[in-house]
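Colleague: The structure that follows is given in the form of structure tokens.
Number of protein chains: 2
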Amino acid sequence: MYERKIIPNLNCGLDLIGEVLYGKWKIRLLWFIHIGHKRPSELQRKIPDASRRVLNIQLKELEEHELVTRKIYPVVPPKVEYSLTEFGKTVIPVIAALGQWGDEHEDRLRDVILKQVVPSLNE
Amino acid sequence: MYERKIIPNLNCGLDLIGEVLYGKWKIRLLWFIHIGHKRPSELQRKIPDASRRVLNIQLKELEEHELVTRKIYPVVPPKVEYSLTEFGKTVIPVIAALGQWGDEHEDRLRDVILKQVVPSLNE
DNA sequence: TCATATAGGGATAAATTAATCCCCTATTGT
DNA sequence: ACAATAGGGGATTAATTTATCCCTATATGA
Chain A
8 MYERKIIPNL
18 NCGLDLIGEV
28 LYGKWKIRLL
38 WFIHIGHKRP
48 SELQRKIPDA
58 SRRVLNIQLK
68 ELEEHELVTR
78 KIYPVVPPKV
88 EYSLTEFGKT
98 VIPVIAALGQ
108 WGDEHEDRLR
118 DVILKQVVPS
128 LNE
Chain Z
8 MYERKIIPNL
18 NCGLDLIGEV
28 LYGKWKIRLL
38 WFIHIGHKRP
48 SELQRKIPDA
58 SRRVLNIQLK
68 ELEEHELVTR
78 KIYPVVPPKV
88 EYSLTEFGKT
98 VIPVIAALGQ
108 WGDEHEDRLR
118 DVILKQVVPS
128 LNE
């Protein structure tokens with residue numbers, strides 16, 4: 008894994024949650040596991056924009072942070088299931104709050120984001 | 008500003024909020040502005056780990072995303088004040104939820120993060 | 001025999017974000 | 001004359017995160 012050169016700030020709750028939730032796909036992974044998509048291949052189908060590789064990496068970090076557990080069934084072809092830990096379950100309402108705010112302000116957000124990303128829209 | 012080469016996903020509320028809140032210091036900036044630290048120099052003193060430069064950049068993005076406004080007083084030495092917009096105020100409860108979860112699980116989070124960041128702790 | 005599904009990882013390149021360094025303006029106080 | 005304060009930005013490098021490419025293994029079905 009990549010070894011950090013800059014020590015992260017862990018001063019307050021916001022720093023701490025940032026450390027475990029940052030990562031392009033982590034929140035989505037937690038959410039999909041929460042709603043019952045437990046197997047890696049399912050998660051992949053649900054998040055087609057992410058490569059298999061990145062999902063594996065981010066799942067491993069979530070596991071290291073004790074938000075999910077990984078259960079391996081000794082069968083062929085291999086079967087793996089992720090589940091939220093009790094700790095992981097406690098963060099679901101927070102993710103729900105994030106998603107709800109995003110949904111409530113969807114149109115406005117799309118507008119301001121596109122203005123910034125696609126500068127030509129700023130006539 | 009940097010011009011993106013990969014188009015961001017804007018499919019759901021989580022994608023959208025991510026676009027405006029990602030950025031190492033943005034959430035803290037919003038929070039400090041919320042609790043009354045409006046001037047750039049104040050914000051800097053509150054967030055000493057960030058350079059002046061990065062704060063300026065992230066403040067500008069928050070402004071472009073219409074979460075804050077920047078008011079310039081025509082005095083010397085210059086005086087500038089940031090404030091939350093009405094839109095920006097709506098995201099404060101979400102940030103509060105993030106911070107609260109982080110605070111509630113502070114010890115455990117510090118533990119799992121340090122295990123991952125400082126591998127030598129994994130005896 | 002060959003493609004498919006399942007799960008995973010090493011090595012490397014590309015993209016993105018953040019940090020550093022240095023510079024500018026104008027006034028007030030020493 | 002010079003430092004300090006207040007706000008800001010260009011250019012460059014470093015750090016970090018994602019994406020790409022390719023390879024492993026076994027069993028089943030066509």
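Chains as they are written, first to last, in my numbering: chain A, 8 to 130; chain Z, 8 to 130. For every residue, glycine included, the Cβ atom is placed at its ideal position computed from N, Cα and C.
May I ask you to report which of helix, strand or coil DSSP gives A/Ile54?
Modeller: Three-state result, A/Ile54: coil.
Colleague: Do A/Val119 and Z/Glu73 have their beta-carbon atoms positioned less than 7 Å apart in this structure?
Modeller: Cβ atoms of Z/Glu73 and A/Val119: closer than 7 Å.
Colleague: Any contact of the segment 98-109 of chain A with the segment 97-109 of chain Z, i.e. 3+ C-beta pairs under 8 Å?
Modeller: As far as the Cβ criterion goes, the segment 98-109 of chain A touches the segment 97-109 of chain Z, which means the pair count is three or higher.
Colleague: Cutting at 6 Å between CB atoms, please list the residues of its own chain near A/Lys53, excluding the five before and the five after it.
Modeller: Cβ within range, chain order: Phe39, His44.
Colleague: Who are the near neighbours of A/Cys19 in its chain, counting only those whose CB is closer than 7 Å to its CB and skipping five residues on each side?
Modeller: Here the set comprises nothing.
Colleague: How about A/Ile34 and Z/Gly109: are their beta carbons less than 7 Å apart?
Modeller: No.
Colleague: If you drop the 5 nearest sequence neighbours on each side, which residues of the same chain put their C-beta closer than 8 Å to that of Z/Leu62?
Modeller: If we look at Z/Leu62 and ignore the five residues flanking it on each side, its Cβ neighbours are Trp32, Leu36, Pro47, Leu50, Gln51, Ile54.
Colleague: Between A/Ile79 and the rest of its own chain, which residues show a CB-CB distance below 8 Å, the 5 nearest in sequence each way excluded?
Modeller: Closer than 8 Å at the Cβ level, and outside the excluded window around A/Ile79, lie Pro85, Lys86, Val87.
Colleague: Roughly how many angstroms separate the alpha carbons of Z/Leu17 and Z/Pro81, rounded to a whole number?
Modeller: Their backbone Cα atoms lie some 39 Å apart in a straight line.
Colleague: Can you give the Cα-Cα distance for A/Thr76 and Z/Arg77, rounded to whole angstroms?
Modeller: About 45 Å.
Colleague: For A/Asp22, which residues in the same chain have their Cβ closer than 8 Å to its Cβ, ignoring the five residues on either side in sequence?
Modeller: For A/Asp22, where only same-chain residues beyond five positions count, the Cβ hits under 8 Å are Pro15, Asn16.
Colleague: Name the chain Z residues that come within less than 8 Å of A/Val119, Cβ to Cβ?
Modeller: Result: Val27, Glu71, His72, Glu73.
Colleague: Taking 7 Å as the limit between beta carbons, can you name the residues of its chain near A/Arg117, skipping five residues before and five after?
Modeller: Taken in chain order, the list of residues that qualify is empty.
Colleague: DSSP three-state label for Z/Val87, please.
Modeller: Three-state result, Z/Val87: strand.
Colleague: Locate the beta strand (DSSP E) running through Z/Val75, then write down its first and last residues.
Modeller: Z/Val75 -> beta strand (DSSP E) spans 75-80.
Colleague: Give me the chain A residues within the contact set of Z/Arg11, using Cβ-Cβ distance strictly less than 8 Å, ordered along the chain.
Modeller: Per Cβ cutoff of 8 Å: Val124.
Colleague: Tell me whether Z/Asn16 sits in a helix, a strand or coil according to DSSP, three-state version.
Modeller: If DSSP states are grouped into helix, strand and coil, Z/Asn16 belongs with coil.
Colleague: Is the shortest distance between the beta-carbon of Z/Trp32 and the beta-carbons of chain A less than 7 Å?
Modeller: It does not: the Cβ of Z/Trp32 has no partner Cβ on chain A nearer than 7 Å.
Colleague: Can you give me the Cβ contacts of Z/Gly30 inside the same chain, cut-off strictly under 7 Å, excluding the 5 residues immediately before and after it?
Modeller: Answer for Z/Gly30: Gln65, Glu68, listed in chain order.
Colleague: Rounded to whole angstroms, what's the CA-CA distance from A/Lys122 to Z/Lys12? Just pull it up for me.
Modeller: Answer to the nearest angstrom: the Cα atoms are 15 Å apart.
Colleague: Would you say A/Ile24 faces chain Z, with C-beta separation under 7 Å as the test?
Modeller: Output row for A/Ile24: interface = yes.
Colleague: In three-state terms, what does DSSP make of A/Lys31?
Modeller: Three-state result, A/Lys31: coil.
Colleague: Can you find the residues in the same chain that come closer than 6 Å, C-beta to C-beta, to Z/Ser90, ignoring five residues on each side of it along the sequence?
Modeller: Cβ neighbours of Z/Ser90 beyond the five flanking positions: Thr76.
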